[in-house]
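A.B. asks: Here the protein sequences line up with chains A and B, keeping their order.
Everything in the first sequence is counted per my numbering, starting at 424 for the first residue and increasing by one.
Everything in the second sequence is counted per my numbering, starting at 477 for the first residue and increasing by one.
To start, I am sharing the structure in question, which I have written as structure tokens.
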Amino acid sequence: DGGITQSPKYLFRKEGQNVTLSCEQNLNHDAMYWYRQDPGQGLRLIYYSQIVNDFQKGDIAEGYSVSREKKESFPLTVTSAQKNPTAFYLCASAQGNGQPQHFGDGTRLSIL
Amino acid sequence: QKEVEQDPGPLSVPEGAIVSLNCTYSNSAFQYFMWYRQYSRKGPELLMYTYSSGNKEDGRFTAQVDKSSKYISLFIRDSQPSDSATYLCAMSGVGGTSYGKLTFGQGTILTVHP
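In structure tokens form, the structure reads like this:
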């Protein structure tokens, strides 16, 4: 089945630690996105990538980093600089501009 | 003022009711409009996708876009308990800084009780 796989489903971060969230898609989509979802705030864009080896900051990129070395993979690192990382993180992909985005089932990150 | 405004609800209706969900927006560059359904602890699932103004129907769901009023709606007929979820509107423009980026509403929490 084609789709987007996010792992792990739950993740805990210790003080000062960097953690990496995985996102893999087998839809052959060019574009991939990372969102953060907090209660009552909808989805906010962290980073996006339109093509391999290129990515752009979204609205709330501070404290996060990404890479896009392969078309199917777009990992997100939550660094220790992100002071409020507790949230539900969603990865999405799309065929191109204006096309609907398809989402994975998210990773819930909490602080230990 | 947010670019996209959506009443967060919560909205509670009896089974079989017609549900109306709405979003308003301020950016006239938006041309692609989507509705997503999100169950608890799951990712959003695409329900409807429309381009520019007009209506689109898919089973019990109808999406309406009125670009002149900057207003979009999702209607659910014969609502079922399985429709209980958060509904998110989303939209994007073409080119420039809007390229490929979706702007979401806050989401409306809907409960359909038997």
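All C-beta atoms in this analysis are idealised placements derived from N, C-alpha and C, irrespective of residue type, glycine included.
1. Is there at least one Cβ from chain B nearer than 9 Å to residue 477 (chain A)'s Cβ?
2. Spell out whether any CB of chain A is found under 9 Å from the CB atom of residue 599 (chain B).
3. Pull up the CB-CB distance for residue 467 (chain A) and residue 456 (chain A), whole angstroms please, since I reckon it's below 8 Å.
4. Under 9 Å, CB to CB, which of the residues in the segment 486–515 of chain B have a partner in chain A?
5. Between which residues of its own chain and residue 499 (chain B) is the CB-CB distance below 7 Å, once the five residues before and five after are set aside?
6. Tell me whether residue 462 (chain A) sits in a helix, a strand or coil according to DSSP, three-state version.
7. Does the beta-carbon of residue 523 (chain B) have 16 or more other beta-carbons within 10 angstroms, so that it is buried, or is it exposed?
8. With DSSP as the reference, please indicate the residues paired to residue 538 (chain B) in a beta bridge.
9. Would you kindly check if the distance between the Cβ of residue 432 (chain A) and the Cβ of residue 530 (chain A) is under 9 Å?
10. From residue 505 (chain A) to residue 528 (chain B), what does the alpha carbon distance come to, in whole angstroms?
11. Any C-beta of chain B sitting closer than 9 Å to the C-beta of residue 456 (chain A)?
12. Quick one: which chain B residues come within Cβ less than 8 Å of residue 464 (chain A)?
13. What are the residues in the segment 524–547 of chain B lying within 7 Å of chain A by C-beta distance?
14. Is the segment 488–500 of chain A close to the segment 435–452 of chain A, with three or more CB pairs under 8 Å?
15. Spell out the partners DSSP gives residue 487 (chain B) in its beta bridges.
16. Between residue 570 (chain B) and chain A, is there a C-beta pair that is closer than 9 Å?
17. For residue 494 (chain B), list the residues DSSP reports as bridge partners.
18. State the start and end residues of the unbroken beta strand (DSSP E) segment that holds residue 578 (chain B).
19. Below 8 Å, how does it come out for the segment 510–526 of chain A and the segment 507–525 of chain B: are there three or more Cβ pairs, yes or no?
20. Taking the alpha carbon of residue 526 (chain B) as the reference point, which residue from B:590, B:585, B:504, B:567 has its own alpha carbon closest?
C.D. replies: On the basis of the supplied data:
1. The residue you call residue 477 (chain A) lines up with position 54 of the first sequence. Output row for residue 477 (chain A): interface = no.
2. Lying outside 477 to 590, the shown extent of chain B, residue 599 (chain B) is not represented and no answer is given.
3. Numbered from its first residue, the first sequence carries residue 467 (chain A) at position 44. Numbered from its first residue, the first sequence carries residue 456 (chain A) at position 33. Incorrect: roughly 11 Å between the Cβ atoms, too far for contact.
4. 507, 508, 510, 512, 514
5. Taking the second sequence and counting its residues from 1, the one referred to as residue 499 (chain B) is at position 23. Excluding sequence neighbours, residue 499 (chain B) sits near 480, 481, 482, 548, 565, 581.
6. Here residue 462 (chain A) refers to the residue found at position 39 when the first sequence is read from its first residue. Correct three-state label for residue 462 (chain A): coil.
7. The residue given as residue 523 (chain B) occupies position 47 in the second sequence. That one is buried.
8. Your numbering for residue 538 (chain B) matches position 62 in the second sequence. Partner(s): B:533, B:551.
9. For the purposes of this step, residue 530 (chain A) is identified with residue 107 of the first sequence, where counting begins at 1. For the purposes of this step, residue 432 (chain A) is identified with residue 9 of the first sequence, where counting begins at 1. Cβ distance < 9 Å, so residue 530 (chain A) and residue 432 (chain A) count as in contact.
10. Locating residue 505 (chain A) in the first sequence gives position 82, counting from the first residue. Locating residue 528 (chain B) in the second sequence gives position 52, counting from the first residue. Cα to Cα, residue 505 (chain A) sits roughly 38 Å from residue 528 (chain B).
11. The residue given as residue 456 (chain A) occupies position 33 in the first sequence. By this cut-off, residue 456 (chain A) is an interface position.
12. Numbered from 1 along the first sequence, position 41 holds the residue referred to as residue 464 (chain A). Within chain B, the residues near residue 464 (chain A) are 582.
13. 525
14. yes
15. For this step, residue 487 (chain B) is matched to residue 11 along the second sequence. DSSP output for residue 487 (chain B) lists B:586 as bridge partner(s).
16. Stepping through the second sequence from its first residue, residue 570 (chain B) is reached at position 94. With 9 Å as the cut-off, residue 570 (chain B) counts as an interface residue toward chain A.
17. Your numbering for residue 494 (chain B) matches position 18 in the second sequence. Paired residue(s): none; residue 494 (chain B) is not in a bridge.
18. As a first step, residue 578 (chain B) must be located in the second sequence, where it is residue number 102. Segment: none, residue 578 (chain B) is in no beta strand (DSSP E) and carries neither H nor E.
19. yes
20. Position 50 of the second sequence, counting from 1, holds the residue named residue 526 (chain B). For the residues B:590, B:585, B:504, B:567, the minimum Cα distance to residue 526 (chain B) belongs to B:567.
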